[in-house]
Amino acid sequence: MSLPGHRGNIAGRCAERPTRSLGISGAPRASILKNPFQLVDLQHRRVEYLRLSVTDRCNFRCTYCMPAAGVDVVPRAELLDFAEMVALTRIFVQLGVRRVRLTGGEPLVRRDIVDLVAQLAAIPGVDDLAMTTNGHLLADLAQPLRDAGLQRLNVSIDTLDPQQFSHVSRGGALQPVLDGIAAAQRAGFASIKLNAVTLKGLNDDALVPLCDFAAAQGLVLRLIEYMPIGVDAAWGPETWLPIADARARVQAAYALEPDESGEIVGGGPARYWRGRHRQTGQALRVGFIAAVSEKFCEACNRVRLSPTGVLRECLSARGSLSLRDKLRSGATHDELTAAIRDALAGKVDGHQYDAAVPTLESMSAIGG
Ligand code: SAM
Ligand code: SF4
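To get the numbering used here, take the position in the sequence shown, counting from 1, and add 423.
The structure is reproduced here in structure tokens:
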């Protein structure tokens, strides 16, 4: 695809100063001065992490993510193409982003995803390229993705019971995901983490078996509190499990203590613990993501780009800046850069989720 009117500019250097357009008052902090192009928001949070949602399509229908009937997908022509994703990623990197995570929808259903990984991995300044996947198509793709330059992988797996897995994912099969995890281990990723959303009455009895599996495989498990996003009747007191309750369940089987080693790459919202199985002594590393009960917004260092190119400065923000429309109407590099800065100036200081008012937009559409 050609990007008329701005291809030459995209590669060029950004010429403006960030602090003024963000309206930051007082003396700029030293960290900002180190890179005068560094994106910072009004709360002085450095934005270093881009979550790039490469598709709104998915081969699962997880109960906590989308309605049983699925969600309306946008016409293919409205999705960012690879050249657009690469062009926008280059701008974010010039603005200080160092880490990029591909998500969706299910990123592995995007055609030629391995090519996209190779193109993103080749961008100077992308120090860390990762993906979150449901793992269903991973068995065949793990090695090609690794060879293309993908460094880290998070695989979502909510239970090890095949029937429960099929129920939670509405028809998904467990074995291909297990095969995908095994293939990823053989492919030699720098890190593989397992993600499980904790759901009262649905998979709360699966948390300790997941810990046992992660411990036996030497993988880090992250337990994620169910967020009121993308839900119809599923989210509520009957299904929401406070993260403290999830931790208590793990603690019944494992002696846990906070992991302060800092060895786990991510810098995200998870709080990590080290554990020892109370009977076998097996070592475990487990992270807890308390998205609702303990806000972690003060440390938020990320922005999101939807599959249609809408910039979301917060998971809970609707996002009103279409970078795709700007690209397709021929915006220059400087215009795109300024638009991103202005959008970041409006980044809220805390998410707007209200437990009483679920967001009726699917996590698959947002790019979770
Ligand atoms: N399809 C991929 C997958 O499932 O890993 C990537 C996209 S998915 C939207 C990204 C992550 O969001 C997954 O780990 C999923 O479990 C999580 N997620 C989806 N809906 C959620 C919700 N309502 N609350 C908490 N986590 C959710
Ligand atoms: Fe698909 Fe991931 Fe959402 Fe499950 S959580 S429906 S796999 S996008």
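Just so it is clear, CB atoms sit at the ideal spot from N, CA and C, and this is done for glycine as well.
For residue j and residue i, believed in contact at Cβ under 8 Å, the rounded distance
{"i": "I604", "j": "G548", "result": "Not a contact, Cβ separation roughly 30 Å."}
{"i": "V578", "j": "V600", "result": "7 Å"}
{"i": "A565", "j": "A500", "result": "Wrong, their Cβ atoms sit about 30 Å apart, outside the cutoff."}
{"i": "L633", "j": "L644", "result": "6 Å"}
Inter-residue Cα distance where the pair is residue i and residue j
{"i": "V726", "j": "P681", "result": "28 Å"}
{"i": "R534", "j": "T703", "result": "44 Å"}
{"i": "I712", "j": "R670", "result": "10 Å"}
{"i": "A596", "j": "V532", "result": "16 Å"}
{"i": "G446", "j": "A768", "result": "Bear in mind that a pLDDT of 27 at G446, under 50, signals an unreliable position, so the number given afterwards is only what the model happens to contain. Rounded to whole angstroms, G446 to A768 spans 8 Å at the Cα level."}
{"i": "A545", "j": "Q674", "result": "43 Å"}
{"i": "T555", "j": "Y695", "result": "18 Å"}
{"i": "F515", "j": "G572", "result": "19 Å"}
{"i": "G691", "j": "R522", "result": "11 Å"}
{"i": "R609", "j": "T755", "result": "44 Å"}
{"i": "G528", "j": "I580", "result": "15 Å"}
{"i": "C485", "j": "G493", "result": "9 Å"}
{"i": "R405", "j": "L617", "result": "Since the displayed the chain opens at 424 and closes at 791, residue 405 lies outside it and no answer follows."}
{"i": "G624", "j": "T662", "result": "6 Å"}
{"i": "L576", "j": "P660", "result": "31 Å"}
{"i": "R474", "j": "H700", "result": "34 Å"}
{"i": "A676", "j": "S716", "result": "23 Å"}
{"i": "S589", "j": "D668", "result": "24 Å"}
{"i": "L502", "j": "R751", "result": "12 Å"}
{"i": "A657", "j": "T582", "result": "18 Å"}
{"i": "Q640", "j": "K749", "result": "46 Å"}
{"i": "V496", "j": "V537", "result": "22 Å"}
{"i": "A706", "j": "A761", "result": "48 Å"}
{"i": "R469", "j": "T512", "result": "16 Å"}
{"i": "D584", "j": "A629", "result": "8 Å"}
{"i": "A714", "j": "A693", "result": "9 Å"}
{"i": "R697", "j": "I615", "result": "17 Å"}
Beta-bridge pairing of residue i - partner residues as DSSP gives them
{"i": "F792", "result": "This structure cannot speak to residue 792, because the chain is shown only from 424 to 791."}
{"i": "R474", "result": "R524, R727"}
{"i": "E680", "result": "R697"}
{"i": "R735", "result": "R727"}
{"i": "T555", "result": "N577"}
{"i": "A706", "result": "R699"}
{"i": "I666", "result": "None; I666 has no bridge partner."}
Range of the contiguous alpha helix (DSSP H) that encloses residue i
{"i": "A638", "result": "630-640"}
{"i": "M508", "result": "505-517"}
{"i": "T760", "result": "756-768"}
{"i": "D581", "result": "Neither: D581 is in no alpha helix (DSSP H) and is coded neither H nor E."}
{"i": "V540", "result": "536-544"}
{"i": "P599", "result": "597-610"}
{"i": "P660", "result": "Careful: P660 lies outside any alpha helix (DSSP H) and carries neither H nor E."}
{"i": "L531", "result": "From DSSP, L531 is part of no alpha helix (DSSP H); its letter is neither H nor E."}
Start and end residues, beta strand (DSSP E) containing residue i
{"i": "K749", "result": "That residue, K749, is in no beta strand (DSSP E); its alpha helix (DSSP H) goes 746-751."}
{"i": "V549", "result": "Run containing V549: none; DSSP gives neither H nor E here."}
{"i": "A619", "result": "614-621"}
CB contact flag (residue i, residue j, <8 Å)
{"i": "V509", "j": "L543", "result": "yes"}
{"i": "R747", "j": "E471", "result": "no"}
{"i": "I652", "j": "A619", "result": "no"}
{"i": "D479", "j": "P730", "result": "yes"}
{"i": "L539", "j": "F505", "result": "yes"}
{"i": "R569", "j": "F612", "result": "yes"}
{"i": "V477", "j": "L525", "result": "yes"}
{"i": "D602", "j": "A562", "result": "yes"}
{"i": "S745", "j": "G753", "result": "no"}
{"i": "R735", "j": "L462", "result": "no"}
Cβ-heavy atom distance, residue i to the ligand ATP, below 7 Å
{"i": "T512", "result": "Judged by which ligands are present, the ligand ATP is missing from the structure shown, whose ligands are the ligand SAM and the ligand SF4."}
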